[in-house]
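S.K.: Next up is a structure, given as structure tokens.
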């Protein structure tokens with residue numbers, strides 16, 4: 003028998019609402035983060051493939067002795083760094099002392115935006131016919147086209 007004429011109190015609200023709210027917020031944030039990471043990773047991989055193909059093309063031109071094409075396809079900054087004749091002689095000297103290019107192994111890859119331009123920096127250990135070398139390439143990627151910004155090669159054969 004009840005002494006009160008009031009109806010019984012409803013049960014206390016469940017503590018699950020705040021947990022459910024945070025679960026939904028966390029899930030949405032995680033999905034958003036995955037989308038951002040996928041987008042960044044996709045762009046990074048795309049630029050990696052572009053610049054790796056450019057290295058292959060560079061080596062094919064170097065192997066054929068097509069130094070004029072390497073020089074002509076490079077950026078204006080590359081061409082301003084030295085006289086045309088000196089750059090062509092440099093590529094010829096590399097080809098003479100190293101021979102044709104062979105197996106390459108990537109030692110580093112980095113993509114950055116600098117001064118509103120997209121740069122891809124690559125480092126390779128390359129086995130040439132006449133010896134091993136470490137090559138460094140810097141490409142500027144403009145409209146999905148890598149252009150050579152700088153090239154360095156280090157090998158005992160070149161000293």
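Residue numbers (my numbering): 3 to 161.
We put the beta carbon where it would ideally sit given N, CA and C, even for glycine.
It should be emphasised that the depicted structure is a prediction, and the values quoted were computed from it without experimental measurement.
Which class does residue 107 belong to by DSSP, given the choice of helix, strand or coil?
M.R.: Correct three-state label for residue 107: strand.
S.K.: If contacts are defined as beta-carbon pairs under 8 angstroms, then residue 135 and residue 100 qualify, I think. What distance do you get, rounded to the angstrom?
M.R.: Sure, about 6 angstroms apart at Cβ, within 8 angstroms.
S.K.: Beta-carbon within less than 8 angstroms of residue 72's beta-carbon, same chain only, minus the 5 sequence neighbours each way: which residues are those?
M.R.: Excluding residues within five positions, the ones whose Cβ falls inside 8 angstroms are 60, 63, 64, 93, 150.
S.K.: Buried or exposed: residue 145, going by 16 or more other Cβ atoms within 10 Å of its Cβ?
M.R.: Residue 145 is exposed by the Cβ-count criterion.
S.K.: Report the rounded CA-to-CA distance for residue 86 versus residue 112, giving the unit in angstroms.
M.R.: Taking the straight line from one Cα to the other gives about 28 angstroms.
S.K.: Where are the beta strand (DSSP E) runs, 3 residues long or more, that stay fully inside the region 46-129, in chain order?
M.R.: Whole beta strand (DSSP E) segments, 3+ residues: 103-116.
S.K.: Can residue 53 and residue 115 be called in contact, C-beta distance under 8 angstroms?
M.R.: Result no, Cβ atoms of residue 53 and residue 115 do not sit closer than 8 angstroms.
S.K.: Within the continuous beta strand (DSSP E) that includes residue 161, where are the two ends?
M.R.: Segment: none, residue 161 is in no beta strand (DSSP E) and carries neither H nor E.
S.K.: Using 8 angstroms for Cβ pairs, my map puts residue 110 next to residue 130. What's the rounded Cβ distance?
M.R.: That pair is no contact at about 19 angstroms.
S.K.: Would you mind reading off the limits of the beta strand (DSSP E) that contains residue 146?
M.R.: Neither: residue 146 is in no beta strand (DSSP E) and is coded neither H nor E.
S.K.: Identify whether residue 27 lies in helix, strand or coil by the three-state DSSP scheme.
M.R.: Helix at residue 27.
S.K.: For residue 48, count neighbouring C-beta atoms within 10 Å of its own C-beta (all shown protein chains included) and say buried if the count is 16 or more, exposed if not.
M.R.: Counting Cβ neighbours within 10 Å, residue 48 comes out exposed, since fewer than 16 surround it.
S.K.: From residue 68 to residue 27, what distance separates their C-alpha atoms?
M.R.: Near 58 angstroms, if we compare the C-alpha coordinates of residue 27 and residue 68.
S.K.: Whole angstroms are fine: how far does the CA of residue 120 sit from the CA of residue 126?
M.R.: Those two C-alpha atoms are separated by around 20 angstroms.
S.K.: In angstroms, rounded to a whole number, what distance separates the CA positions of residue 81 and residue 139?
M.R.: Between residue 81 and residue 139, the C-alpha separation is close to 15 angstroms.
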